[in-house]
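Numbering (this note's numbering), first residue to last: 147 to 568.
Laid out in structure tokens, this is it:
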């Protein structure tokens with residue numbers, strides 16, 4: 147019981163401290179809340195005070211880490227879906243398709259190629275690591291799309307584009323992860339048949355269908371309830387959390403993609419419930435989101451494989467720099483002409499940089515290790531995740547302010563007439 151009490155003190159106490167100082171942390175400090183929680187986890191982990199020594203290898207601990215990450219990602223993608231304005235996906239589906247198809251394929255290919263070239267791993271293992279770190283994390287993206295600084299500095303169209311991408315590609319990331327896993331586990335022909343028939347044909351399509359049905363039914367019921375004068379605003383918190391966990395569990399029980407189903411359910415729920423849900427969604431994001439999102443970063447800080455990272459040697463630094471710099475930026479410049487939400491090179495550069503790797507990658511890394519037994523996948527993936535949390539968490543506020551400054555200067559130059567030489 148004492149260990150449980152200590153865990154509650156560290157986890158809940160950290161969330162409490164960040165909740166009462168959230169405005170200061172988000173708008174004043176050059177460090178994000180997830181990064182702070184990661185540092186807390188390191189401090190109480192094996193390299194700190196040694197409160198707990200959690201390592202992959204024990205089946206019970208593996209399952210706990212995987213499921214904690216899965217639930218956190220599900221709640222985060224629901225928050226992303228509820229944050230979007232009504233009809234957003236219907237109006238922007240072409241842009242979203244470009245981001246999710248060629249965009250994700252390019253990120254996967256570049257990440258896998260860097261891992262393969264730097265570490266000399268078997269191609270399928272390198273592609274598996276590349277698939278694990280492909281999705282954009284919705285929890286870390288929140289520091290760029292939410293808060294006073296973000297709302298004042300980043301155009302709404304850019305924030306919405308990053309929000310919908312981070313929600314959708316976390317679910318679609320499963321397809322990319324399962325392809326190399328299947329190829330490692332089966333003969334090539336059998337693996338491709340299984341991936342096309344089961345992963346794409348069943349897991350993907352059934353997740354969309356079941357998620358849409360659950361979102362529509364929940365949205366209709368919520369719409370009727372919200373029309374009643376005695377319905378409180380906090381009801382959206384209950385409905386959103388219940389829909390998240392119900393969709394996640396139901397779809398997983400039929401061996402489908404639970405994360406994607408949750409995101410689709412959130413989109414359809416938001417659309418079906420109408421302006422009632424749109425007005426009240428911030429209750430879900432601020433209360434449920436923070437309480438469930440932040441503790442997982444403390445846990446991640448406690449389980450970092452420091453010794454294994456050291457064994458990687460100098461190629462580890464090359465891989466981290468290469469993936470953070472090249473995984474996303476070149477791809478976004480290639481597809482920028484089909485992304486109407488990004489109108490200038492500065493906007494492409496900003497959006498191309500802020501594609502953080504986080505808890506979705508942790509979930510897929512744990513899954514990949516469980517299914518393949520490849521410890522290198524866990525070691526390399528966690529190093530990249532850790533680096534992204536630190537680098538993107540530290541650069542979010544200053545680069546957002548710098549982006550706003552350059553945007554304001556550009557607007558001023560454009561507004562000047564030829565007769566005004568000043």
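For each residue, glycine too, the CB sits at the ideal point set by N, CA and C.
Quick caveat, the model's predicted, so the values are computed rather than measured.
Three or more Cβ pairs drawn from the segment 489 to 509 and the segment 210 to 223 lie within less than 8 Å of each other, which places the two stretches in contact. With respect to the 8 Å criterion, residue 312 and residue 226 are classified as neighbours on the basis of their beta carbons.
Leaving aside the five residues that flank residue 474 on each side, the residues in its chain whose CB is nearer than 7 Å to its CB run, in chain order, 253, 498 and 501. When the Cα atoms are used, residue 374 and residue 526 turn out to be separated by approximately 52 Å. In this structure, residue 451 lies away from residue 264, with their beta-carbon atoms at least 8 Å apart.
Residue 554 has its alpha-carbon roughly 45 Å from the corresponding atom of residue 514. Within the model, the alpha-carbon separation for residue 517 versus residue 544 is close to 40 Å. Counting the other Cβ atoms within 10 Å of the Cβ of residue 342 gives fewer than 16, which makes it exposed. Counting only the Cα atoms, residue 230 lies some 25 Å from residue 548. In the structure shown, residue 401 adopts coil according to DSSP, grouped into three states.
Ranked by how close their Cα comes to the Cα of residue 325, the residues 251, 363, 398 and 372 have 251 in first place.
Ranked by how close their Cα comes to the Cα of residue 224, the residues 411, 178 and 330 have 411 in first place.
For the options 392, 192, 534 and 511, the alpha carbon positioned closest to that of residue 208 is the one of 511. Taking the Cβ atoms as the reference, residue 235 lies roughly 11 Å from residue 246, outside the contact range of under 8 Å. Scanning its chain for C-beta atoms nearer than 8 Å, with the 5 sequence neighbours on each side dropped, one finds around residue 468 the residues 260 and 264, in chain order. In the structure shown, residue 508 falls within a helical segment according to DSSP collapsed to helix, strand and coil. In the DSSP assignment, residue 283 falls outside any alpha helix (DSSP H), carrying neither H nor E.
In this structure, residue 479 and residue 494 form a Cβ contact; the two beta carbons are roughly 6 Å apart against a cut-off of 8 Å. Here residue 281 is buried: its Cβ has 16 or more other Cβ atoms, across all protein chains shown, within 10 Å.
The three-state reading of DSSP puts residue 167 in coil, since its state is none of H, G, I, E or B.
Around the beta carbon of residue 399, fewer than 16 other beta carbons lie within 10 angstroms, which makes this residue exposed. For residue 481, the CB contacts under 8 Å within the same chain, skipping 5 residues up- and downstream, are 244, 245, 248, 249 and 252 in chain order. Straight-line measurement puts the Cα of residue 442 at about 11 Å from the Cα of residue 160. Leaving aside the five residues that flank residue 390 on each side, the residues in its chain whose CB is nearer than 7 Å to its CB run, in chain order, 220, 221, 224 and 408.
If the five residues before and after residue 305 are omitted, its C-beta is found closer than 6 Å to the C-beta atoms of 291, all from its own chain and listed in chain order. With respect to the 8 Å criterion, residue 349 and residue 297 are not classified as neighbours on the basis of their beta carbons. Collapsing the DSSP output to three states places residue 535 in a helix. Within 10 angstroms of the beta-carbon of residue 535 lie 16 or more other beta-carbons, which makes it buried.
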